[in-house]
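Okay, structure first, notes after.
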Amino acid sequence: MATGRRKSTTGFVAVSALALLLSGCASFSGIKPLATMSDGYTMDGRKLDGSAAMNATQINALWPTEHWWQAYRDPQLDRLVNQAITDSPSIKVAQARIRQATALAGVAQAATLPKVGAAASITRELFTSDGLYPAPLGGGWDWSNDARIKASYDLDLWDKDRNTLEAALDNVRVSAAEARAAQLNLESIIVRSYLQLATQYVLKDIAEASLAQRQSIVHIAQRRLHAGIGTGLEVNQAETSLPTTRAAIEKINEAIALSRNQLAALTGQGPSAGDAIQRPTLADTMAKSQLAKNDEPYVEPYAELPISLPDNVPANLIGRRPDVIAQRWRVESMIKNIAVAKAAFYPNINISAFIGLESIGLSHFLTTDSNVRGFAPAISLPIFDGGRLRANLGAQTATLDAAIETYNNTLLQSLQSVADQIVKLKSIALQRNQSESAMTLATKSASIAQRGFKAGLTSYLNVIQTQMAMLQEQQQVAQSRAAYLDAWAQLMQALGGGLGDDLPLPTVDGTATSASSASSPSSAQKTQ
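Numbering (mature numbering (1 follows the signal peptide of the UniProt record, and there is no 0)), first residue to last: -28 to -1, 1 to 500.
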């Protein structure tokens, strides 16, 4: 008996050695990735530097926090963003994808563990008289009984199952980072929509003030006509602008209603919730202008947000933007898939065993004489498959190249977005300063005209005309201030919005580390 087991073991070892020898028939030589991942400092040998505008920007800012929008100091905006994070369907979709990826990782993990199962059968059958069993069993009816516990295990000598599991875990990290990217995008959309709503309220204030001034001009023209010093043409000319101004106000009211509906939908609520959205606090500080007690022009301040950047943006952006982090983990997952494809070139060894009971007839089924057991090692290996394995490896390698270039492109677009917003902020700041200077002069002119009218030196028509000019400048200031606040929101999004700081990042050896401290190159080159 022992001699038989030794022969069986010797035969299995011989077959295994032959399998390893024959596995060389299927080769993956010559197939390797062509793309190179940027480390945040260089890309394809070219140094990644910030633009002239970025380099000239003050470098003393912290990276955005996850509540960056609170810098606008509007409690209603805070409530809307927080509600959207909780109730928005787009966030729930991203969370469902995380759960899906986690479940698939569980499936991959199961493949690395032994498999144990049980099976039992009791069959009433007619046994052939020409078979192995003599009469009276042969040619008669009886019970055939079988009950077994089976176990099997893949040795995974080439880490195929382990790499499949690690690829699945990387996909979980991809889903988590993409969920953060979706949240950041939602936050940015809500903030920018809210800024539009605030701007619309300011423009409505200005339009209503303009309508009041135009109505005053009509009244003056009518009084002049009744006094015999004016003409009907002057009255008609003054009245012509009233319907146009009223239409402009109604158009602004429409825009306000649409913005409320949009904000309600973004927060996961129906249109009725939009009716509860009040005038933004931002609107009260965006374009007001008044005269101080000394009749000197005074421009009321608004939420001033500085133009500054954190240090070393190109390299550190890798660990700050959720979309960049997601692409990095996608590359890592593709690297594991290549390892899985390479493992398919080697023999697969599976060990299975069983133990149980087997008998003919029920009377002997539960006795020790019915015991059965077995051990079955098995080897499978590719020898000739028509190039299927090489084609699969080539496809996985090309997929990795595409993932690396997608990552590089995402990083470039991220840097472009930062550079664009810096350019916009600096340009808008200059435009805003000019608009505020013009509004200051227009406000001063209105003050002078008002004093002249009180002293009897000018007509009230001149007062109204200077006030109309002041309202036009207020509109320009409101729009430039709104554009500045909008560009600042886009800069916060471009810098990651504080949502990538605690996400893990792959290191050189493929393990995970803190996103805020990682700026090392990927392990993509390990497969080359």
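Idealized CB from N, CA, C, for every residue including glycine.
The structure displayed is predicted, hence computed values, not measured ones.
Buried or exposed by the 16-neighbour rule on C-beta atoms within 10 Å, applied to residue i
i, result
"I94", "exposed"
"Q209", "exposed"
"residue 542", "Limits of the chain in this structure are -28 at one end and 500 at the other, which puts residue 542 out of reach."
"E268", "With a pLDDT of 46 at E268, under the threshold of 50, the predicted position of this residue should be treated as unreliable, and no value is reported."
"L402", "exposed"
"P294", "buried"
"L429", "exposed"
"Q447", "buried"
"L443", "buried"
"P273", "In this prediction, P273 scores a pLDDT of 43, lower than 50, which makes its location untrustworthy; the coordinate-derived value is nonetheless stated afterwards. It is exposed - the Cβ of P273 has fewer than 16 other Cβ atoms within 10 Å."
"L137", "buried"
"G291", "buried"
"L127", "exposed"
Nearest-angstrom Cα separation, counted from residue j out to residue i
i, j, result
"D114", "N322", "36 Å"
"A370", "R71", "28 Å"
"I332", "L98", "12 Å"
"A148", "A170", "33 Å"
"I224", "T217", "11 Å"
"A80", "Q155", "28 Å"
"E377", "M9", "7 Å"
"P86", "L471", "39 Å"
"N320", "A139", "20 Å"
"S342", "L372", "55 Å"
"R45", "L254", "8 Å"
"G469", "L277", "15 Å"
"D131", "Y105", "47 Å"
"S494", "I297", "Any reading at S494 needs caution, since the residue's pLDDT is 39, under 50, leaving its predicted position unreliable; the model's value is listed next. Rounded to whole angstroms, S494 to I297 spans 11 Å at the Cα level."
"P36", "M15", "26 Å"
"S1", "T239", "54 Å"
"D133", "A33", "46 Å"
"T58", "L475", "20 Å"
"S(-6)", "A91", "With a pLDDT of only 49 at S(-6), under the threshold of 50, the placement of this residue in the model should not be trusted, and no figure is reported."
"A348", "S324", "5 Å"
"E226", "M440", "24 Å"
"R69", "N309", "20 Å"
"D473", "K4", "33 Å"
"R186", "Q385", "48 Å"
Distance CB(residue i)-CB(residue j) smaller than 8 Å
i, j, result
"N135", "A311", "yes"
"I279", "I161", "no"
"A315", "L361", "no"
"R232", "A461", "no"
"G346", "A119", "no"
"L387", "L477", "no"
"R453", "R404", "yes"
"V88", "A123", "yes"
"L397", "A466", "no"
"A287", "Y13", "yes"
"L214", "V190", "yes"
"D142", "E38", "no"
"Q48", "Q250", "yes"
"A151", "A219", "no"
"I63", "L175", "no"
"I121", "F326", "yes"
"V112", "G103", "Sequence inspection shows Gly at residue 112; the Val mentioned does not correspond to that position. The answer is no: Cβ separation not under 8 Å."
"W40", "V146", "no"
"A179", "I221", "yes"
Same chain, Cβ closer than 8 Å to residue i, five either side skipped, listed in chain order
i, result
"S244", "A236"
Neighbourhood of residue i by C-beta distance below 7 Å, restricted to the same chain and skipping five residues each side
i, result
"I192", "Y432, L433"
"T382", "D295, V296, Q299"
"T29", "I279, S280, L281, I394"
Chain-order list of residues whose beta-carbon lies under 6 Å from that of residue i (same chain, five-residue window excluded)
i, result
"A313", "N364, L365, Q368"
"E445", "A410, M411, A414"
"S417", "T438"
"I228", "Q172"
"residue 521", "The displayed coordinates of the chain run from -28 to 500. Any statement about residue 521 would go beyond what the structure contains."
"L183", "T217"
"L197", "V207"
Residue range of the unbroken alpha helix (DSSP H) whose run includes residue i
i, result
"E304", "294 to 315"
"Y125", "Careful: Y125 lies outside any alpha helix (DSSP H), inside the beta strand (DSSP E) at 113 to 126."
"A179", "132 to 198"
"P243", "243 to 246"
"E330", "No alpha helix (DSSP H) contains E330, which is instead part of the beta strand (DSSP E) from 320 to 332."
"L443", "432 to 466"
"P286", "285 to 288"
Min CB distance residue i to chain C below 8 Å
i, result
"R18", "No chain C is present in this structure, which holds just one protein chain."
N- and C-terminal bounds of the beta strand (DSSP E) containing residue i
i, result
"A350", "343 to 352"
"S231", "Unbroken run through S231 is the alpha helix (DSSP H), 204 to 238; no beta strand (DSSP E)."
"R96", "87 to 98"
"L76", "From DSSP, L76 is part of no beta strand (DSSP E) but of the alpha helix (DSSP H) over 61 to 82."
"P5", "Counting along the chain, P5 falls outside any beta strand (DSSP E), and DSSP gives it neither H nor E."
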